[in-house]
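Heads up: the structure comes next, in structure tokens.
Here's what the structure looks like:
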């Protein structure tokens, strides 16, 4: 999946409308017609981005439509709420590599009169699992929840190498914390906890485990 199409409202290119203008701030309401085109593809869009970048550790490809203007400009690309963890790996314009970009700040440098559809490949250096040392690395593990997909509860198992404070939290696809499962001192060894998502809506969520200098994140899917 490289971009998303809504046949009523037209193509959606990342955070731009198909005419190249920026999508306005949606606010918190989800019901009015002006935002229906975006909301219809929101879950799929974030599943593609977060799933590939932070679950599969793969680069992602997005298409942008750039309208020509009569002045030089820099365009900042911000496909995620946590854009500081993203960088541009490559830009393709008219089937040719496009060199005029700043990777770590995700900026395209576009000359006056230039426009068209471009492909931007993003990557992240955010660690899926970061060990504190080579010795302890094999003992730290966050297992995939089971069952997955699930409704309404699932089991999360994990192993920690030494006693200490453990934090296990659930986030939605926008990076918002929706539940704290654990935030306390635990002994080293294997642990498990049941996550009851009965009060949450169907969709893709992420669970993040932190203890000491270790952190790990995995994806879970709630289907009601």
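Numbering (our numbering), first residue to last: 283 to 506. For glycine and all other residues, C-beta sits at the position ideal for the given N, C-alpha and C. Remember, predicted model here, so these are calculated numbers, not experimental data.
Check                                                                                                                : Outcome
Cβ contact check for the stretch 457-466 and the stretch 426-434: 3 or more pairs under 8 Å                          : no
Assigned secondary structure, residue 432 (DSSP; H/G/I helix, E/B strand, else coil)                                 : strand
Other residues of its chain near residue 380: CB distance less than 6 Å, five sequence neighbours each side excluded : 373
Contacting residues, own chain, Cβ-Cβ under 6 Å from residue 425 (five flanking each side not counted)               : 439
Euclidean distance between Cα positions of residue 435 and residue 479                                               : 6 Å
Simplified DSSP state of residue 480, which is helix, strand or coil                                                 : coil
Residue 491 versus residue 403: straight-line alpha-carbon distance, rounded                                         : 28 Å
C-beta contact flag for residue 447 and residue 466 at 8 Å                                                           : yes
Rounded C-alpha distance that separates residue 443 from residue 453                                                 : 24 Å
Which of helix, strand or coil DSSP assigns to residue 332                                                           : helix
8 Å Cβ cutoff met for residue 337 and residue 500                                                                    : yes
Residue burial classification, residue 346 (beta-carbon count within 10 angstroms, cutoff 16)                        : buried
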